[in-house]
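So the structure is just underneath, and the comments pick up after that.
There are 2 protein chains.
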Amino acid sequence: MTVVNVDQLKNYEESNPVRNRKGKSVKKMCNEKVLKKRVPIIGWLPKYNFVFFLQDIIAGVTVALTAIPQGIAYAVIAGLPPEYGLYASLVDGVIYLIFGSSKDITVGPTAVMSSLVAKYTGYSQDFAVLSAFLSGCVILLMGIFHLGFLVNFISKPVINGFTTAAAFQIAAAQLKAFFGLDGASGNYFAESMSNFISNIKTARLWDPILASVTVVMLFMLKRLGNGCSRTDGFTKQMRWFISMGRNAVVVIFGMFVAYILKITTNNEPLKLIRDIGSGLPTVGLPPFSTSSGNTTYNFNEMLEVLGPQSLVLPLVAILESVAIAKAFAIGGRVDATQEMIAVGLCNIGGSFFKSMPITGSFTRTALNYASGVQTPAGGVWKSLVIVAALSLLTSAFYYIPTASLAGLIMTAMYSMVDFGIFARFWRNSKIELMLMLVTMAVSLFIGLEYGIVAGIALECLILLYNTSKPKITANSIRSDSSEIVTVTLSDSLSYCAAEHVRKSIIEASNNAAPDSVLVIDGGNLHRMDSTVAINLMNLIKEFDKDSRTVVLLNFKEDLVKLCTDVEPKLGNKFVKSNKPLDFIEVSIKNA
Amino acid sequence: MTVVNVDQLKNYEESNPVRNRKGKSVKKMCNEKVLKKRVPIIGWLPKYNFVFFLQDIIAGVTVALTAIPQGIAYAVIAGLPPEYGLYASLVDGVIYLIFGSSKDITVGPTAVMSSLVAKYTGYSQDFAVLSAFLSGCVILLMGIFHLGFLVNFISKPVINGFTTAAAFQIAAAQLKAFFGLDGASGNYFAESMSNFISNIKTARLWDPILASVTVVMLFMLKRLGNGCSRTDGFTKQMRWFISMGRNAVVVIFGMFVAYILKITTNNEPLKLIRDIGSGLPTVGLPPFSTSSGNTTYNFNEMLEVLGPQSLVLPLVAILESVAIAKAFAIGGRVDATQEMIAVGLCNIGGSFFKSMPITGSFTRTALNYASGVQTPAGGVWKSLVIVAALSLLTSAFYYIPTASLAGLIMTAMYSMVDFGIFARFWRNSKIELMLMLVTMAVSLFIGLEYGIVAGIALECLILLYNTSKPKITANSIRSDSSEIVTVTLSDSLSYCAAEHVRKSIIEASNNAAPDSVLVIDGGNLHRMDSTVAINLMNLIKEFDKDSRTVVLLNFKEDLVKLCTDVEPKLGNKFVKSNKPLDFIEVSIKNA
């Protein structure tokens with residue numbers, strides 16, 4: 239059976255933001271190509287067939303089996319009632335079906351997004367829903383205005399430092415549930431750790447046992463699936479399926495243990511999720527005002543609570559979804575704009591169904607892909623299974639032990655940390671290691687949202703520093719009678735490099751004989767700003783005063799124009815030649 | 239007579255901040271070379287002779303003739319009593335004598351520094367003195383920690399925008415005195431202009447006439463000196479001297495007119511400086527507390543009034559003094575560190591004598607140079623003349639018309655603006671023009687200190703954008719049987735360029751035949767960070783999956799190490815060759 243992949247049928251031409259911004263978009267907006275690009279379902283639905291249908295169902299159900307335990311776990315991370323984790327996966331399936339550009343990507347709650355929301359849910363659950371709505375608006379607007387390129391300005395060390403810190407923070411917050419401790423957990427790493435240490439004596443027996451078993455089971459079930467795939471024979475197929483559904487397996491196992499323990503001991507020796515809201519959420523506008531205790535917050539006050547640091551939510555949402563889109567794109571082509579529009583709309587739509595902020599989920603996307611999903615329709619089946627679970631299974635969810643969820647979350651966090659990267663940065667770039675560690679430290683000890691901002695600021699400073707020290711090489715060619723010193727400029731010189739250029743040329747000149755010919759080779763140079771040009775021409779003027787022979791070799795036309803605009807008299811210093819340097823020497827001597 | 243220039247005798251070896259910072263400084267600190275570098279007078283004093291002595295006196299007196307009217311004018315700009323402008327030139331001569339590294343540079347009040355101080359002097363004059371002390375400390379510390387390189391991060395468009403705005407603002411504030419208006423002037427451009435317009439009906443007769451005559455005289459006296467120098471014959475020497483002392487000439491002329499008018503009309507038809515504090519200032523600690531009206535400010539409250547925006551004062555001081563040092567340095571070598579130490583100490587020392595913040599003055603430095611100064615001792619003579627003026631001439635200063643000062647200041651501001659630069663930026667770089675105009679607009683309409691900060695922020699954004707789009711060229715070589723596509727990388731790739739690199743390579747690959755060989759030429763590349771390396775290797779991995787033939791050509795050893803650390807399996811993709819590309823083709827085909 240040869241299954242034609244819908245992605246390959248689609249028109250994948252990339253958006254061209256520059257062209258669009260220049261005003262040629264109006265005409266294009268109306269044509270079918272753009273419509274297909276912005277509402278991708280139009281492109282693939284006519285080609286939909288029964289084989290796709292079956293494969294999408296299988297993938298959808300498989301993903302749902304992970305989405306349900308993960309959703310509940312992430313609701314716990316966010317400090318929300320467990321059912322909110324399921325609410326967050328209700329409408330994204332339908333919205334992504336229409337606007338999604340990738341067949342594989344699954345949108346929903348993620349650990350990092352949930353932990354970013356946690357500090358607001360202490361006020362009221364409504365803050366999570368409002369932040370989903372607002373994040374959705376920001377993501378959508380950034381998509382419409384083609385601002386997705388902004389995530390390119392966040393480097394790997396910063397992303398790694400941020401996700402590592404998030405993993406540590408989320409894992410630390412789960413220590414309480416892992417050991418079944420009393421008392422509070424914490425929204426910050428230090429808070430969680432200090433609460434853990436001060437409450438460690440309240441540790442229960444069965445919670446840490448079950449949590450540890452959960453972790454061991456997850457690692458073993460993962461290995462069980464090694465070398466198997468869904469297209470193998472029956473035994474391997476089953477091994478693959480159980481391995482893929484391992485999150486559901488361990489939670490069901492935990493529920494089973496909890497139920498047996500309750501019956502045999504007539505007690506509840508494990509902490510359980512207990513009451514979970516049954517049925518679908520009430521549909522309505524996102525909460526533009528809310529009350530908590532005796533305090534009522536209107537919209538402005540809610541915005542004040544969220545603060546500018548909540549802008550990290552849409553940023554992280556874009557970062558996660560674009561990264562996933564890239565990882566699963568065919569031929570490396572990603573329509574980041576469309577991805578942002580889809581994720582933005584999923585958040586906005588979700589906020590009418592009490593969703594917390596959502597984005598592309600790496601684990602479930604990988605599972606979706608591995609389950610052989612053929613179109614974004616797989617997500618609809620996932621949502622349908624979750625609707626069913628909310629309607630029928632909530633009484634069974636009573637028995638989900640929080641220790642099982644803690645084990646599940648901690649295992650997920652373990653796989654989120656790239657431990658090898660510390661050594662790799664250490665070997666290759668101490669400065670990038672430092673950048674990552676600073677991002678991590680600020681994230682852990684001040685707050686995740688401050689960590690990413692500190693990382694971006696620091697990497698900009700490093701970039702500025704590097705830009706101010708472009709590589710400039712000096713060579714000396716000596717013959718019996720004369721010496722030529724060649725200073726080769728790099729290919730791009732910005733204002734902050736002006737002083738470095740000046741110093742390098744002076745140094746090369748001082749190291750050479752006073753009667754040597756100084757050749758400044760601009761053959762590679764393709765960009766230079768006024769600051770550099772002014773600085774360079776001032777220097778040439780000084781050399782000229784000192785009667786030093788200087789030649790500016792092979793500068794591009796526009797750069798010559800820029801320089802001579804500063805010092806028209808020095809136009810004769812510019813020389814074009816593709817002959818070797820000794821020919822230049824001869825021509826200078828003859829001049 | 240051959241006069242040996244002291245600057246040429248001095249050891250000008252540049253400071254090496256990196257080496258010092260690495261801890262090797264302790265040993266060096268003790269040796270004579272460093273002492274001579276940090277206390278330059280030790281180097282030149284033993285070689286001092288009578289010829290130097292005479293020339294320094296002549297230059298010092300000439301400079302004083304400009305420093306006195308300018309000092310009074312700048313005190314007026316700063317909103318201080320006129321004598322403060324003279325206080326600011328009392329001790330700098332002695333301090334710069336000891337620590338100054340350039341024979342030409344004259345330290346003292348400048349128009350821009352004065353206008354930056356103006357908004358604080360409304361509270362109390364003590365704020366000007368305290369800000370001199372604090373600025374001095376900041377400048378000194380930045381000098382000691384070799385942070386002078388920070389001014390390299392301010393580009394010409396930003397500096398031009400800032401100084402142009404300062405010139406407009408200062409000139410606008412002088413409109414009141416130019417026309418002899420009643421009412422207030424203003425610390426901001428818009429404020430000054432609106433006050434000017436609403437008070438224009440109070441314009442007097444004699445003030446604008448005298449101010450206009452002053453302006454015309456200044457331009458004519460400037461032309462008088464054209465083609466003359468102090469070493470010419472007597473007539474030319476006199477012409478040169480009068481031209482150089484034109485600031486004093488017009489002020490004396492104004493005083494004379496005011497005196498005549500007073501006698502003839504038995505009235506004061508011109509607004510005059512009137513009472514000017516006589517004698518030397520009382521020496522004492524800088525004011526760490528002050529009172530204004532009924533309010534008393536302690537040190538913390540004074541700091542609050544100054545605010546973080548007052549950090550622009552030391553920044554501008556460094557900017558001005560380093561720029562001047564560069565302009566007057568021989569062979570282009572500037573010891574920015576020593577210059578900052580000297581200017582810092584001048585401010586700290588001056589604050590004990592009620593000085594306002596000071597820095598290198600371009601006009602007076604040029605005058606000092608033109609007057610043939612031989613050593614920093616010239617500054618001492620300048621200070622002595624000012625001491626004499628404060629002791630003997632203050633009763634004569636009563637008659638200085640504010641209109642003369644306004645004409646003097648406005649003429650100076652006219653020469654501060656580089657009108658040609660608008661056209662030059664327009665021709666060569668619209669983005670730099672925009673940068674300059676934004677800096678100017680923010681400086682004029684929000685405040686000078688915000689303008690420079692906005693300019694720096696904007697130029698950083700432009701730099702980031704440029705860095706994210708390095709030049710990557712693709713070439714295709716087609717033969718009958720095959721095609722080679724070469725993608726040549728630029729010489730430095732930072733994290734923000736990762737996506738651009740990826741897109742460029744994919745585009746080049748898509749434009750070529752599927753069986754073509756893709757050569758990624760890293761021969762020029764000398765710097766790449768992990769983000770780019772990871773992105774590149776992910777792309778190569780994808781190409782490899784698609785069985786696309788890719789070769790990474792001539793990457794430097796450390797970059798190969800960086801890349802293979804990410805994907806050890808792809809080490810075989812790296813090829814070194816300085817043969818033409820068709821040889822590579824053959825070797826690939828044979829491989």
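Chains as they are written, first to last, in the working numbering: chain F, 239 to 829; chain W, 239 to 829. Every residue gets a Cβ at the ideal spot worked out from N, C-alpha and C, and that includes glycine.
Per DSSP, the continuous beta strand (DSSP E) segment holding W/Asp759 begins and ends at 755–759. Between F/Ile744 and F/Leu791, the CB-CB gap reaches or exceeds 8 Å. Residue environment: W/Leu699 is assigned as exposed (fewer than 16 neighbouring CB atoms within 10 Å of its CB, all protein chains considered). Pairing F/Ala326 with F/Thr344, the inter-Cα distance amounts to about 12 Å. Pairing F/Ala604 with F/Gly610, the inter-Cα distance amounts to about 10 Å.
Contiguous alpha helix (DSSP H) elements confined to the region 634–690 of chain F occur at 640–654, 658–666, 668–683, taking only those with 4 or more residues. About 4 Å separates the beta carbon of F/Lys620 from that of F/Gly298, a gap short enough to meet the 8 Å contact definition. Beta-bridge analysis with DSSP links F/Ser327 to no other residue.
In the three-state reduction of the DSSP assignment, W/Met766 falls in the strand class, which pools E and B.
The C-alpha of W/Ala626 is placed about 10 Å away from the C-alpha of W/Thr632. Within the model, the alpha-carbon separation for F/Ile647 versus F/Thr452 is close to 10 Å.
Ranked by Cα distance from F/Phe812, the options F/Ile438, F/Glu805, F/Val789 are led by F/Val789. The alpha helix (DSSP H) runs of length 4 or more contained entirely in the region 298–352 of chain W are, from start to end of the chain, 321–325, 330–337. W/Ala736 and F/Leu727 have their C-alpha atoms some 23 Å from each other. For W/Arg512, there is no enclosing alpha helix (DSSP H), as DSSP marks it with neither H nor E. DSSP, reduced to helix, strand and coil, places W/Glu805 outside both helices and strands of the structure shown, so it counts as coil.
For W/Val487, the enclosing alpha helix (DSSP H) has its first and last residue at 484–503. For a Cβ distance threshold of 8 Å, residue set Phe391, Cys698, Leu701 of chain F lies close to W/Leu702, ordered along the chain.
Fewer than three beta-carbon pairs drawn from the region 591–608 of chain W and the region 393–410 of chain W are found closer than 8 Å, and the two stretches are therefore not classed as touching. Following the DSSP letters along the chain, one finds F/Asn606 inside the alpha helix (DSSP H) bounded by residues 600–608. From the listed residues F/Trp444, F/Lys779, F/Leu557, the smallest Cα separation to F/Cys801 is found for F/Lys779.
As for any alpha helix (DSSP H) of minimum length 4 sitting wholly inside the region 520–574 of chain W, the runs are 537–544, 550–566, ordered along the chain. Residue pairing of F/Arg716 in beta bridges, as defined by DSSP: F/Glu721.
Note on F/Thr348: 16 or more other CB atoms within 10 angstroms of its CB, so buried under the neighbour-count rule. Taking 8 Å as the upper bound on Cβ-Cβ separation, chain W lies near residues Arg662, Phe663, Arg665, Asn666, Ser667 of the region 638–668 of chain F. The contact set of W/Cys375 on chain F, defined by CB atoms closer than 9 Å, is empty, because the minimum CB distance reaches about 24 Å.
DSSP places F/Phe812 in the strand class (E or B) of the three-state scheme. Between the C-alpha atoms of F/Trp478 and W/Phe391 there is a straight-line separation of about 57 Å. When the Cα atoms are used, W/Pro519 and W/Ser593 turn out to be separated by approximately 9 Å.
F/Val454 and F/Trp282 have their C-alpha atoms spaced approximately 42 Å apart. Short of 8 Å from the beta carbon of W/Ser450, and not among the five residues preceding or following it, lie these beta carbons of its own chain, in chain order: Gly645. For W/Val676, same chain residues with a beta-carbon under 8 Å away, outside a window of 5 residues either side, are Gly399, Ala692, Gly693, Leu696 in chain order.
In this structure, W/Leu303 and W/Ala486 form a Cβ contact; the two beta carbons are roughly 4 Å apart against a cut-off of 8 Å.
Interface criterion met: the Cβ of W/Lys394 is under 8 Å from a Cβ in chain F. Of all residues in the region 606–624 of chain F, none places a beta-carbon less than 9 Å from a beta-carbon of chain W. When CB distances to chain F are screened at a threshold of 9 Å, the residues of the region 787–807 of chain W falling below it are Asp796, Lys799, Leu800, Asp803, Val804, in chain order.
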